[in-house]
Structure formats: C-alpha cells, structure tokens
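Let me begin by presenting the structure, written as structure tokens, before commenting on it.
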Amino acid sequence: MDLVDRIETTRFLGGEFLLWLWFSRDVTGGEIYIKGRGAVLVSLETQIALADPLAEREKVSIRGIDPFGGAEAGEALSTGKLPRKVGLRVVFEQSEWVMTIDSNTLALSGVKLPAQVSQGSEELFYERMRLLEQIHDLVTALYAHFLGVRLSPAWASDVAPALRAWVQSGEVMDQKQFDQLHGKRRARAANGSAAG
Amino acid sequence: MGALNGPMSTTKLFVRGELPKNLRRSFSERIALRTFRPLDPDEEAEERAGWCALGAPFDLDLSSDKVWSGAYLTLGLRLDRYRFPARVIQAELARASHAALTKSGHERLSRSQKTELKRRVLATLRRKYLPSMLAVDLVWNLDAGEVFFWSQSKGLIERLGALFELCFALTLVENSPFVAAERLFPSQRRTHLDQLERTPFHAETLDGSG
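Going line by line, the protein sequences match chains A and B. Here the first sequence is numbered in our numbering, starting from 6 and rising by one per residue. Here the second sequence is numbered in our numbering, starting from -8 and rising by one per residue.
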C-alpha cells in the first residue's frame, strides 16, 4: 500500500485519539502526565462534531456548555461515530491555549494563543511563532502518548475494552489502572517509542 | 488573520528533500524567480500564483530582510484569478454574436468565429474588471523542516505544494495521523502501524470483534 493510501486508511487514528482524550478527561480530570514534560491539563470546550470515519456525511455537531456530557454525544458514539472536530483548552506550565482540532489532519484552527508581551512587530512575530510551535509540540506529545498505548498490547487487552465500556455504559476506568497502563506498563510494552 | 495577528488557523506540512548547501543565496534566487507577477488583461492567463511578502499581498519586493527571520523563511502565497459569472459571459457573447452577424449579414457564425469571439469577450471582461486576490501567510521553520500555512483549504494546500516544489525543488507532505505517527516512531514500530485497523467501540462489537 502506498503512502497516500495509508494516510487515507489510517485517518481513524485521529478520531480514536480525540476519543481517548475525552476518555482521559473523564478518568483523570484532564491532567495527563507526559514523560519529559510534566503535567498537561486538557479540557474539552463547548463544541464537538462527530462522524463515522466510513460515512463522513453523517455528522453530528453539538455546541453547548458541556456538549460532551449530553445524551446526543453518547448516542453518536454508540452508533459508531468518532470525534471529528473537538474544541480544546490546553494548559501547560503558565500558558493556556484554546483551539479546535481536526481529527483527519490534526490541524489546529482558531488557536487563541496565551497573552503576548512583546513590543514591536518582529519580536511579536517570534513570540507568536514560539507559542504556535509550542502548542503543536504539546498536541504532538499528547498524540505520541496516545500512540504509545495504541500500539502496545495493552490497547487490546485493557484500554479498548475500558473505552468500549465507557462508550456503552459510561463506566469510567479506575485512575490507578489508567496511570499504570499509560505509564510504567506502557513503557515496557512500547519499548523503543519516541514519544514525548 | 495570519502569522502577524489574530487567532491562528493553520495547516502544518513537513518538508521532504535535501536543503541546498548555499541555502540563503540559492533560495533567495529561487524566490525571485517565483515572485508574484500581476495578471495583465492583455494576456490570456486567467489566474496566477506566486510569492509576496508575509502579511503584505501588494509587497512584491522580496528583499532578504522581509524573507529571512532567524530560523524562519516567511512568505505569502498570492493567488489572483479572473472570475466572471457564466451568465455575464453568456450575455456578453450573445451581444457580440448579434453584432457580428449584423455586420457580416450571415445567418450563423462558424466554430472558429465563435472561438475568436469568446476570446475577445473574455479579453474585454479582463480589461473591465479586476481579478480577485487572495494571499495566505506561510512560515517555514528551516531547522525543524516544518511549514505553517494559514489556510486549511484543500485547493490552496495543493496550489502551495505545486508552487513550493517548483520553487524550491522540495516536496511538502501535509500532517495527518499517519504522517505524525510515522515521524514519532522508529521503523520497527512502523510495520505495526501499517497493520493497524480501526477499533470498534460501539454496541455492535459485543460479539468479541475488535
């Protein structure tokens, strides 16, 4: 299979990544520890669009104070839809970004950067680029964290069943188990990962 | 909204290929060759793409201080296009055809006459109206080999890819779950990546699949 085909046939990974972020929020309250970086706080914002990766036209868009907690989102998941676009707020160290992420391309849109302090257009350009690259690096690190477990045996044995139970009944995995699967146990299973 | 102000909506692309040794000189020369050239109504070209200065579509003087900012190469992709509504073209053609038939005394126009008439009508429209203009910011981090492009339109990303390859002899690959994963994991994991299949999470999978 050539690169173009593989890119197309693995777009579902972006949807699974956003679903995993949503699940992580419910398990950990949104604090995700990334090796080499520390804690990244991820919260879900006021909008989500869900679609079936095999039938993109059947899309459900929900806006509201907590679009992730309502019956509509749960129903969409239970019919096989995955998050397609999700509003995210990411806090790392003292900085906060708000944006929408697209599962198909991992592209970020409407990114509101942390407050900038530079004076003068050249300094401001460098500061804005630094902040844009930083949020892209953080999202990539979160994706690497997800892929670490997605590519490990723990995905099939523990994480996917827990996600399935959460989708179907709202049952949330124990945080200790989540931490183990995404930390020590994953590190052994995914030996050789470039994540983080 | 672009690199210099407002919220950011970007596409991230990765640069593939080897950078030339004399990078600044080589790229400056290449950029000069592909700097945007405004459309001339007397030409037959209906659209044209080229480089302009970052955040300044009318600034086509791409001196080093505008293009090079530390580790970044900054440009704007400018795309001008003549776009006439089909109904306007049809109305103008009907008017021109009527005038030509009256003048010649013939009942109908030959195929070549119709083609020539259409060419003239389009040339008149080009002189009458200004082309639409679009400019999109682009910032290339040369150290990281990453390009940020301030648009998520598929058509514009394709235009950028074509101009970028023509200009720098390098290719751009848009970010995606697979491309990001491929960059994050070494080759032995990539084999695993190639075999991945979607995990079903919904009720129909309770029979044990997935």
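Just so it is clear, CB atoms sit at the ideal spot from N, CA and C, and this is done for glycine as well.
Neighbouring residues, chain B, relative to E21(A) (Cβ below 9 Å): Ordered by position in chain B, the residues that pass the 9 Å Cβ test against E21(A) are P168, R189, T190 and F192.
Integer-rounded CB distance, given that R117(B) should sit under 8 Å from Y73(B): Between Y73(B) and R117(B) a beta carbon distance of about 6 Å is seen, short of the 8 Å cut, so the two are scored as contacting.
is_contact[R7(B), chain A] using C-beta, thresh 8 Å: It does not: the Cβ of R7(B) has no partner Cβ on chain A nearer than 8 Å.
beta-carbon E127(A) near the ligand NAD non-hydrogen atom, thresh 7 Å: Absent from the structure shown: the ligand NAD. Ligands present: none.
Element boundaries [alpha helix (DSSP H), containing I22(B)]: Where I22(B) is concerned, the enclosing alpha helix (DSSP H) stretches over L14 to L24.
Under 8 Å between C-beta atoms of S48(A) and I37(A): Contact annotation: S48(A) and I37(A) have beta-carbon atoms that are not nearer than 8 Å.
9 Å Cβ cut-off: residues of chain B touching K117(A): Neighbours of K117(A) on chain B, chain order: P(-2) and M(-1).
Local Cβ density within 10 Å of A40(B), reported as buried at 16 or more and exposed below that: That one is buried.
Proximal residues to R25(B) (C-beta, below 6 Å), its chain only, five neighbours per side dropped: Here the set comprises G41, W42 and C158.
Sub-8 Å separation of L186(A) and V154(A) beta-carbons: Against a cut-off of 8 Å, the Cβ pair of V154(A) and L186(A) comes out as a contact.
Beta carbon proximity, R169(A) to chain B, threshold 8 Å: Interface residue, yes.
Any C-beta of chain B under 8 Å from that of G85(A): With 8 Å as the cut-off, G85(A) counts as an interface residue toward chain B.
Whole-angstrom C-beta distance between T84(A) and H193(B), which should lie under 8 Å: With a beta-carbon spacing of about 6 Å, H193(B) and T84(A) fall inside the 8 Å limit used to define contacts.
Residue closest to A62(B), alpha-carbon to alpha-carbon, out of N109(A), F17(A), Q124(A) and E138(A): Nearest to A62(B) by alpha-carbon distance, out of N109(A), F17(A), Q124(A) and E138(A), is E138(A).
Distance CB(E38(B))-CB(L70(B)) smaller than 8 Å: One thing to note: E38(B) has its Cβ within 8 Å of the Cβ of L70(B).
Boundaries (first-last residue) of the beta strand (DSSP E) holding Y38(A): Counting along the chain, the unbroken beta strand (DSSP E) around Y38(A) starts and ends at E36 to I39.
Closest Cα partner of L152(A) within the set T65(B), L187(B) and D33(B): The candidate whose alpha carbon is nearest that of L152(A) is L187(B).
As assigned by DSSP and simplified to three states, the class of T190(B): Secondary structure at T190(B): coil, using DSSP grouped into helix, strand and coil.
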